[in-house]
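Here's the structure we're looking at; comments come further down.
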Amino acid sequence: MRRRSKKGSLVLELSVACFFMLVFALLSVHSAVAVFGAYINDRACRDACRAAAQASTLDEAHTLVYAVLKNHASGSFLTAPKIVGNIEYQDYGGKPSPNVSPYVKLSTSLDANLPFQPLAFFGQDFKDGKIVF
Numbered sequence: 005m006r007r008r009s010k011k012g013s014l015v016l017e018l019s020v021a022c023f024f025m026l027v028f029a030l031l032s033v034h035s036a037v038a039v040f041g042a043y044i045n046d047r048a049c050r051d052a053c054r055a056a057a058q059a060s061t062l063d064e065a066h067t068l069v070y071a072v073l074k075n076h077a078s079g080s081f082l083t084a085p086k087i088v089g090n091i092e093y094q095d096y097g098g099k100p101s102p103n104v105s106p107y108v109k110l111s112t113s114l115d116a117n118l119p120f121q122p123l124a125f126f127g128q129d130f131k132d133g134k135i136v137f
């Protein structure tokens with residue numbers, strides 16, 4: 005019985021390992037952009053609400069919100085956050101009753117250009133190669 009040569013098995017193992025490392029690297033970059041986009045959108049929305057709450061009128065709240073969102077403009081993979089819908093500014097005429105509180109409600113959105121587009125996380129659909137948060 006002849007012994008089998010094991011010279012080619014190292015090349016095969018190395019090529020398979022390199023392929024899997026490439027796939028894991030793409031998944032890591034892809035998921036990092038998605039998580040970072042959700043984080044930036046959340047932070048921008050929270051900061052915009054805080055700024056609008058400092059205003060005394062709805063027009064002043066709009067001005068403060070757009071100023072805050074302008075400061076949250078980001079780099080290459082993410083677009084700047086933008087307002088979705090209307091800003092709901094309720095101060096009850098400056099004199100709320102004891103059992104209600106003034107509040108500000110708004111929604112923001114941003115687009116993330118994901119580097120490896122065939123993957124979709126969290127049930128999101130791609131629109132023009134972008135994922136929307």
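Residue numbering for the sequence shown follows my numbering, starting at 5 and increasing by one per position.
Using N, Cα and C, we set each Cβ at its ideal position, and we do this for glycine too.
| Query | Result |
| --- | --- |
| Contacting residues, own chain, Cβ-Cβ under 7 Å from His66 (five flanking each side not counted) | Ile91 |
| Between the CA atoms of Leu73 and Cys53 - distance to the nearest angstrom | 10 Å |
| Any alpha helix (DSSP H) of 4 or more consecutive residues that is wholly inside the segment 32-112 | 62-75 |
| Contact under 8 Å by Cβ, Leu82 with Leu110 | no |
| Nearest-angstrom Cα separation, counted from Glu17 out to Phe24 | 11 Å |
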